[in-house]
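Protein chains in written order, with the numbering used here: chain A, 1 to 714; chain B, 715 to 784.
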């Protein structure tokens with residue numbers, strides 16, 4: 001097994017033994033250092049690869065049938081930049097791929113990785129890409145082999161694996177794919193280039209418009225996926241903000257049957273008028289009813305299908321409240337720890353060659369899963385329920401059967417448990433439920449009595465902690481039984497607005513519309529938050545978000561249309577299948593962009609004005625604390641004095657000479673308005689962050705009961 | 715022209731957001747009147763006080779309440 005600590009690893013061999021002068025070895029490229037380590041330990045004859053460093057870059061020397069050098073990358077080492085011209089001008093249609101350290105200030109460190117690949121590839125006579133088996137991984141490996149290793153992409157082979165298990169890695173090495181998948185590479189590359197063209201041109205157009213109008217620089221961005229995502233968020237927000245509820249009435253009753261009280265609902269869930277509802281109430285309250293009819297239905301509920309990345313992200317949000325991005329990061333860590341298979345998969349299939357029994361046996365070593373796994377192992381034939389979606393590269397997400405070598409953190413533990421239980425549940429039998437529906441006749445008005453119980457748990461046994469089903473038990477009933485309508489209740493109700501999207505429902509919507517990829521959707525949602533276009537867990541579009549969409553709808557309507565991005569995705573797939581050329585797609589995109597950018601330029605002034613106002617409003621809102629408690633008409637805001645550079649809270653009416661109230665604020669750390677009101681005095685509060693301390697809510701009311709230095713713990 | 719409610723750019727009296735909300739408020743009145751028998755003013759008050767009413771619809775209802783000419 002690989003060593004647990006990096007200290008243990010670095011001490012194994014003090015000096016490098018492979019230099020540029022060494023000849024005849026195989027160079028294996030991986031996407032990340034952790035994967036390189038796993039592959040090295042799996043392939044080394046004695047399970048003791050040598051861990052070396054060159055220019056601070058780790059790599060592994062492995063003895064097998066021949067000498068292997070396993071060198072990791074750190075994700076993409078190459079990126080796209082504008083070929084010539086100033087950074088602020090647009091449109092830009094000339095671009096090239098360059099090392100990331102030449103393009104991004106923050107990526108300076110990638111230089112030594114490229115140099116290490118270049119130096120260590122000198123003596124290699126065989127090359128293998130062992131990057132993740134997907135479009136991104138293929139592209140990462142391709143650029144390293146092409147540029148850093150000096151044109152070795154044509155002779156390189158490809159390792160294909162879905163888990164980092166030793167036997168799978170050995171098989172992937174022994175039986176590599178003879179060539180890189182150039183169709184995938186072409187498709188992945190086109191996607192990057194199309195996204196770059198849209199992103200750079202439209203983002204620059206927005207930013208330049210603001211600069212033109214206000215003379216100030218403010219980062220604004222949009223893109224091929226960001227645009228449509230923000231667009232349907234804004235559409236939902238508009239529907240919510242314009243919503244007018246309509247009233248209706250609802251009747252329910254406490255019914256006494258054989259000394260137990262059960263709940264019954266009036267046949268019409270929405271009673272249109274209060275008069276009608278009151279008539280029913282009068283006629284039924286305290287009266288006797290008769291069971292006119294009842295039927296019992298047995299329902300068979302099929303087991304859930306195994307996780308693809310989207311369903312895992314949605315389930316993790318629903319159960320634990322983790323954002324899609326966070327779930328993907330956690331799953332990625334579990335994959336690197338060889339606890340689960342590759343998580344960035346669209347597949348809902350579990351092929352038998354993964355070894356169901358072997359995995360279940362291995363899982364049964366853990367106390368929590370022992371009984372559950374044994375139950376499945378008793379079966380003669382194990383057949384999982386599968387979904388429709390397929391992914392040519394990987395199966396659905398499943399546990400490898402390995403148990404954690406070290407105690408997992410709570411998030412990792414939760415996601416792993418979720419994946420393990422979902423895997424086991426997929427093999428479970430149908431759950432059997434009984435639904436009882438009875439109709440009560442009370443003075444010729446009908447009420448429904450509903451019961452629900454589980455007859456056979458089936459797959460639910462395995463997935464129990466994550467199921468939210470409530471059983472409703474009814475006493476034994478028969479037609480003609482009399483019941484007492486103990487109390488009928490009338491409730492005033494109103495129709496509700498459509499719900500805000502949350503991370504989970506947004507992800508589902510993106511999947512349905514086919515925008516973004518399994519790997520990028522989480523990131524796109526995060527970018528919308530980072531730019532200030534949306535906020536909160538229940539995603540609310542900000543004023544800035546509305547204005548961005550407004551501008552894009554007016555001047556570049558097809559970039560916010562989900563149709564455009566769907567069409568592009570289809571074209572990418574055609575490139576993948578070899579039925580379309582990258583050059584054709586790029587030419588089409590450039591033609592479209594030229595028209596849109598021209599339209600943008602014509603209206604730069606009005607776009608700039610609208611966006612500047614929105615930015616100003618957004619910035620003011622960021623500093624707005626609440627209503628002024630003294631004058632009642634002004635608003636309290638966080639102000640920084642131009643003269644003293646000190647910050648404090650003041651009233652907006654100060655500028656009209658109507659209110660002079662002010663409150664001091666801490667001069668260190670970050671301060672911003674908090675959502676919570678003070679528990680003691682109900683004044684608004686501010687959130688204060690000091691470096692390496694937990695943020696806390698500060699009540700600035702000098703007469704607050706909780707004063708005297710007491711902080712309101714969050 | 716600026717929206718009389720929020721000050722955003724508008725083609726007529728209201729920006730497109732408040733115009734949509736206004737149409738909604740007006741359109742729903744007939745139903746409210748039928749099921750509750752409320753007058754126009756009472757209806758607007760009920761809409762303003764209702765927690766399910768959207769922010770723009772609330773602003774429009776308030777504006778209509780305070781402007782008798784509308």
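C-beta atoms are modelled at their ideal positions from N, C-alpha and C, and glycine is treated no differently. Here the structure is a predicted model, which means the values were calculated and not measured.
Chain-ordered neighbours of residue i on chain A, where CB pairs are closer than 7 angstroms
i, result
"residue 770(B)", "241, 242"
"residue 780(B)", "Those do not exist, as residue 780(B) stays about 16 angstroms from chain A at its closest Cβ, beyond 7 angstroms."
"residue 739(B)", "244"
Beta-carbon separation (whole angstroms), residue i vs residue j, contact threshold 8 angstroms
i, j, result
"residue 739(B)", "residue 760(B)", "Not really, about 11 angstroms apart at Cβ, beyond 8 angstroms."
"residue 256(A)", "residue 486(A)", "5 angstroms"
"residue 292(A)", "residue 430(A)", "Actually they do not touch by this definition, with Cβ atoms about 32 angstroms apart."
"residue 566(A)", "residue 310(A)", "Not a contact, Cβ separation roughly 16 angstroms."
"residue 658(A)", "residue 631(A)", "6 angstroms"
"residue 180(A)", "residue 121(A)", "15 angstroms between Cβ atoms; not a contact."
"residue 531(A)", "residue 221(A)", "6 angstroms"
"residue 182(A)", "residue 148(A)", "About 18 angstroms; that fails the 8 angstroms criterion."
"residue 308(A)", "residue 374(A)", "Not quite, the Cβ-Cβ distance comes to about 28 angstroms (not below 8 angstroms), so this is no contact."
"residue 719(A)", "residue 339(A)", "Shown here, chain A extends from 1 to 714; a query on residue 719(A) therefore has no answer."
"residue 343(A)", "residue 426(A)", "Actually they do not touch by this definition, with Cβ atoms about 16 angstroms apart."
"residue 418(A)", "residue 262(A)", "Not really, about 35 angstroms apart at Cβ, beyond 8 angstroms."
Residues near residue i in its chain [Cβ-Cβ closer than 7 angstroms; skip 5 each side]
i, result
"residue 412(A)", "330, 333, 334"
"residue 603(A)", "555"
"residue 265(A)", "252, 447, 448"
"residue 240(A)", "497, 498, 500"
"residue 743(B)", "754, 757"
Endpoints, beta strand (DSSP E) assigned at residue i
i, result
"residue 288(A)", "288-301"
"residue 326(A)", "Unbroken run through residue 326(A) is the alpha helix (DSSP H), 324-336; no beta strand (DSSP E)."
"residue 456(A)", "445-456"
"residue 127(A)", "124-129"
"residue 260(A)", "260-266"
"residue 580(A)", "Residue 580(A) -> no beta strand (DSSP E), and no H or E assigned at all."
"residue 492(A)", "482-494"
"residue 459(A)", "Where residue 459(A) is concerned, there is no enclosing beta strand (DSSP E), given that its DSSP letter is neither H nor E."
"residue 250(A)", "247-257"
Residues near residue i by beta carbon distance below 6 angstroms, same chain, minus five either side
i, result
"residue 237(A)", "541"
"residue 11(A)", "Here the model assigns residue 11(A) a pLDDT of 39, short of 50, so the residue's position is not dependable, and the following value carries that caveat. Hits under 6 angstroms: none found."
"residue 35(A)", "none"
"residue 152(A)", "127, 145"
"residue 6(A)", "Bear in mind that a pLDDT of 39 at residue 6(A), under 50, signals an unreliable position, so the model cannot answer this."
"residue 245(A)", "494, 495"
"residue 715(B)", "724"
"residue 328(A)", "522"
"residue 362(A)", "401"
Residues bridged to residue i (per DSSP)
i, result
"residue 703(A)", "According to DSSP, residue 703(A) bridges with nothing at all."
"residue 636(A)", "626(A), 651(A)"
"residue 723(B)", "716(B)"
"residue 317(A)", "DSSP, once it has assigned bridges, lists no residue as partnering residue 317(A)."
"residue 30(A)", "72(A)"
"residue 525(A)", "Answer is none; residue 525(A) lacks a bridge partner."
"residue 376(A)", "Answer is none; residue 376(A) lacks a bridge partner."
"residue 51(A)", "60(A)"
"residue 182(A)", "BP columns for residue 182(A) are empty, so no partner."
7 angstroms Cβ cut-off: residues of chain B touching residue i
i, result
"residue 496(A)", "766"
"residue 273(A)", "749"
"residue 508(A)", "Those within 7 angstroms of residue 508(A) in chain B number zero; the least Cβ separation is about 23 angstroms."
Chain-ordered neighbours of residue i on chain A, where CB pairs are closer than 8 angstroms
i, result
"residue 745(B)", "246"
"residue 724(B)", "Result: empty, since nearest Cβ-Cβ is about 12 angstroms, beyond 8 angstroms."
Chain-ordered chain A contacts of residue i [CB-CB under 9 angstroms]
i, result
"residue 742(B)", "244, 245, 246"
"residue 761(B)", "244, 245"
Same chain only: Cβ atoms within 8 angstroms of residue i, ignoring 5 sequence neighbours per side
i, result
"residue 458(A)", "301, 303, 428, 429, 430, 431, 432"
"residue 269(A)", "250"
"residue 508(A)", "310, 314"
"residue 628(A)", "634, 635, 636, 651, 652, 653, 659, 661"
"residue 104(A)", "79"
"residue 543(A)", "614, 617, 618, 621"
Opening and closing residue of the alpha helix (DSSP H) in which residue i lies
i, result
"residue 757(B)", "754-763"
"residue 774(B)", "769-780"
Cross-chain neighbours of residue i in chain B, by beta carbon under 8 angstroms
i, result
"residue 635(A)", "What residue 635(A) touches in chain B: nothing, since even the nearest Cβ is about 16 angstroms away."
Closer than 9 angstroms at the beta carbon, the chain B residues around residue i
i, result
"residue 302(A)", "Neighbours of residue 302(A) on chain B: none; closest Cβ ~36 angstroms, over 9 angstroms."
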